[in-house]
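Participant: Mapping of the sequence shown onto numbering that gives the first Met the number 0: residues 0 to 318, in sequence order.
Glycine is no exception: its CB is placed at the ideal position from the N, C-alpha and C atoms.
Here the structure is a predicted model, which is why all the values come from computation and not from measurement.
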Amino acid sequence: MTTASKRIVVAVNPAASFGRGRDAGSIAERGLADAGHDVLGLECASAAELVEAVRSELESPPDALVVVGGDGMVHLATNLLVGTSVPLGLVPSGTGNDVARALGIPYDAPARAVHVLLECLERAPRVIDVGRIRLTDGSTRHFAGAFSAGFDAIVNERANHMTWPKGSARYTLAMVLELVRLRPRTYVMTLDDDPPLSFQGMLVSVANGVSLGGGMRITPDAILDDGLFDVLVVDPLSRLRFLQIFPRVFRGTHITDPRVHVHRAARVRLQSVGIVTFADGERVGPLPQDLEIIPRALRVFAPGGGERASSQDGRIPGD
């Protein structure tokens, strides 16, 4: 590689994708070191310990923080890097890897992801938007990909407690299991300065990226740096109709159904009873919550593009 040597912190989730993360971490560290970079690998027994270890290293800012794992690791890094000038690099090895898909980073082959990362290290990083969540206690969280506040969040909660199957099939199975309890929820949603809107819906997602659950293209037209969320709302549906629409989400064609709506806004307030939200696949907390897009808040070493460019053969799951 022709790029100058950089000091790079590599944070590894060894449990990602049922242990695949440890092997991917070795691939990342070795590939970066072989290219002449000064690499510090961090692997801890818990997420809390890893957060503290990374935070300590950021006190003397490295040239990049590379995370090895899934969207949960991206979420961890996003919350540490917002407000800093340290760029983020990704070596996906998790279950969904939806942020990597949106960025055009290979999400199913760590060695290829490292190769792309090394190429991107020679160029200026891409700058993308980040979502900020404000909870009722005044605390804030940030996310890079998608925020779930409906049936999608309920499915995420179940999937996170399942040990089988591996990969995105776990999310699909969790959805099937939760269908027996499928029912609409009552929401109050405020977009920007519009009046509050009360409605019943099956699913509400506030997205910066295009997918969740390992390639479900919930908001296929979302752009990571346009300064707006894509807000997906699905009207009340029967179980049969839900199952008829669901396969289309892998191609993003569900948005043509008249019971599926996509709004765009920079600020969103959501209220509902009994809904626990998720962001980048990580549990956040109960509604109500206020969301705001933070333009150009995160620097990322990525080639741009989207999921279609990141797959081994250009195939989107479900095609």
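1) Starting from H114, trace the alpha helix (DSSP H) in both directions and tell me its first and last residue.
2) Apply the 10 Å Cβ neighbour rule to R122 and answer buried if 16 or more other Cβ atoms are within range, or exposed otherwise.
3) Per the contact definition of three or more C-beta pairs closer than 8 angstroms, is the stretch 176-195 in contact with the stretch 263-280?
4) In angstroms with no decimal places, state the Cα-to-Cα distance between A264 and T189.
5) Please classify G93 as buried or exposed, where buried requires at least 16 other C-beta atoms within 10 Å of its C-beta.
6) Would DSSP call F198 helix, strand or coil?
7) Using 10 angstroms around the beta-carbon of L176, count the other beta-carbons present and answer buried if the total reaches 16, otherwise exposed.
8) So which of E118, G284, R157, L39 has the shortest CA-CA distance to D322?
9) Rounded C-beta distance between V233 and L202? I'm assuming under 8 angstroms.
10) Span of the beta strand (DSSP E) holding D225?
11) Looking at the structure shown, is H36 part of a helix, part of a strand, or coil, going by DSSP?
12) Considering only the beta carbon of each residue, do V81 and L297 sit closer than 8 angstroms?
13) Can you tell me the Cβ-Cβ gap for V98 and V73, rounded? I've got them flagged as a contact below 8 angstroms.
14) Please name the residue in R238, H262, D224, L172 whose C-alpha comes closest to that of G208.
15) With a threshold of 16 other CB atoms inside 10 Å of the CB of S204, please say whether the residue is buried or exposed.
16) Cβ atoms of Q288 and L134: under 8 angstroms apart, would you say?
17) Would you list, in sequence order, the uninterrupted beta strand (DSSP E) runs of no fewer than 3 residues that lie entirely inside the stretch 218-287?
18) Which residues does DSSP list as the beta-bridge partners of R54?
19) Span of the beta strand (DSSP E) holding T189?
20) Reducing DSSP to helix, strand and coil, say where I104 ends up.
21) In three-state terms, what does DSSP make of V8?
22) Using a Cβ-Cβ distance cut-off of 8 angstroms, determine whether F228 contacts chain D.
23) Does DSSP put R169 in a helix, in a strand, or in coil?
24) Taking C-beta to C-beta, are I292 and F228 nearer than 8 angstroms?
25) Buried or exposed: G103, going by 16 or more other Cβ atoms within 10 Å of its Cβ?
26) State the start and end residues of the unbroken alpha helix (DSSP H) segment that holds G69.
27) State the start and end residues of the unbroken beta strand (DSSP E) segment that holds T139.
28) Distance, Cα to Cα, P60 vs P86?
29) What first and last residue would you give for the beta strand (DSSP E) that runs through R180?
30) Since I believe E58 is in contact with G40 (beta carbons under 8 angstroms), could you give me their beta-carbon distance rounded to a whole number of angstroms?
31) Buried or exposed, going by whether 16 or more other CB atoms sit within 10 Å of the CB of P294?
Facilitator: According to the structure shown:
1) Sequence index remark: in the sequence shown, residue 114 carries index 115 (1-based). 109-119 is the span of the alpha helix (DSSP H), which, as asked, contains H114.
2) In the sequence shown, the residue the question calls residue 122 occupies position 123. With fewer than 16 other beta carbons inside 10 angstroms of its own, R122 counts as exposed.
3) Enough Cβ pairs lie closer than 8 angstroms, so yes.
4) Taking the sequence shown and counting its residues from 1, one reaches residue 264 at position 265. Taking the sequence shown and counting its residues from 1, one reaches residue 189 at position 190. Rounded to whole angstroms, A264 to T189 spans 10 angstroms at the Cα level.
5) Locating residue 93 in the sequence shown gives position 94, where the first residue counts as 1. Classification of G93: buried, given that the 10 Å Cβ count is 16 or more.
6) The count along the sequence shown starts at 1 and reaches residue 198 at position 199. The three-state reading of DSSP puts F198 in strand, counting E and B together.
7) As a first step, residue 176 is located in the sequence shown; it is residue number 177 there, counting from the start. So L176 counts as exposed.
8) The chain is shown only over 0 to 318; residue 322 falls outside these bounds and no answer can be derived.
9) Residue mapping note: residue 233 aligns to position 234 of the sequence shown, counting from 1. Residue mapping note: residue 202 aligns to position 203 of the sequence shown, counting from 1. A Cβ-Cβ separation of about 4 angstroms places V233 in contact with L202 under the 8 angstroms criterion.
10) Working through the sequence shown from its first residue, we reach residue 225 at position 226. No beta strand (DSSP E) contains D225, which DSSP labels as neither H nor E.
11) On the sequence shown, residue 36 is found 37 positions in, with the first residue counted as 1. It is coil, neither helix nor strand.
12) As a working note, residue 81 is residue 82 in the sequence shown. As a working note, residue 297 is residue 298 in the sequence shown. Yes, the Cβ-Cβ distance between V81 and L297 is below 8 angstroms.
13) By one-based count along the sequence shown, residue 98 stands at place 99. By one-based count along the sequence shown, residue 73 stands at place 74. That pair is a contact at about 5 angstroms.
14) Sequence index remark: in the sequence shown, residue 208 carries index 209 (1-based). Considering only alpha carbons, the answer is D224.
15) By 1-based counting over the sequence shown, the position of residue 204 is 205. Residue burial is scored here from C-beta neighbours: S204 has at least 16 other C-beta atoms within 10 angstroms and is therefore classed as buried.
16) Taking the sequence shown and counting its residues from 1, one reaches residue 134 at position 135. Taking the sequence shown and counting its residues from 1, one reaches residue 288 at position 289. In contact: L134 and Q288 (Cβ atoms closer than 8 angstroms).
17) Whole beta strand (DSSP E) segments, 3+ residues: 228-233, 259-264, 266-270, 275-278, 281-285.
18) Residue numbering aside, residue 54 sits at position 55 when the sequence shown is read from its first letter. R54 pairs with nothing; no bridge assigned.
19) Within the sequence shown, residue 189 is the residue found at index 190, counting from 1. Note, T189: beta strand (DSSP E), 184-190.
20) Mapped onto the sequence shown, residue 104 falls at position 105. Looking at I104 - three-state DSSP - the assignment turns out to be coil, as it is neither helix nor strand.
21) Counted from its first residue, the sequence shown places residue 8 at position 9. Three-state DSSP puts V8 in a strand.
22) Among the chains in the structure shown there is no chain D, since it carries only a single protein chain.
23) What you label residue 169 is simply residue 170 of the sequence shown in a count that begins at 1. Of the three classes helix, strand and coil, the one that applies to R169 here is helix, per DSSP.
24) Indexing the sequence shown from 1 puts residue 292 at position 293. Indexing the sequence shown from 1 puts residue 228 at position 229. Going by C-beta atoms, I292 is nearer than 8 angstroms to F228.
25) Numbered from its first residue, the sequence shown carries residue 103 at position 104. The residue is buried, with at least 16 neighbouring Cβ atoms inside 10 Å.
26) Translated into positions along the sequence shown, residue 69 becomes position 70. Segment: none, G69 is in no alpha helix (DSSP H) and carries neither H nor E.
27) Position 140 of the sequence shown, counted from the first residue, corresponds to residue 139. 139-142 is the span of the beta strand (DSSP E), which, as asked, contains T139.
28) Taking the sequence shown and counting its residues from 1, the one referred to as residue 60 is at position 61. Taking the sequence shown and counting its residues from 1, the one referred to as residue 86 is at position 87. Roughly 10 angstroms separates the two Cα atoms.
29) In the sequence shown, residue 180 corresponds to position 181, counting from 1. Careful: R180 lies outside any beta strand (DSSP E) and carries neither H nor E.
30) One-based indexing of the sequence shown puts residue 40 at position 41. One-based indexing of the sequence shown puts residue 58 at position 59. Incorrect: roughly 18 angstroms between the Cβ atoms, too far for contact.
31) On the sequence shown, position 295 is the one that residue 294 refers to. Classification for P294: exposed.
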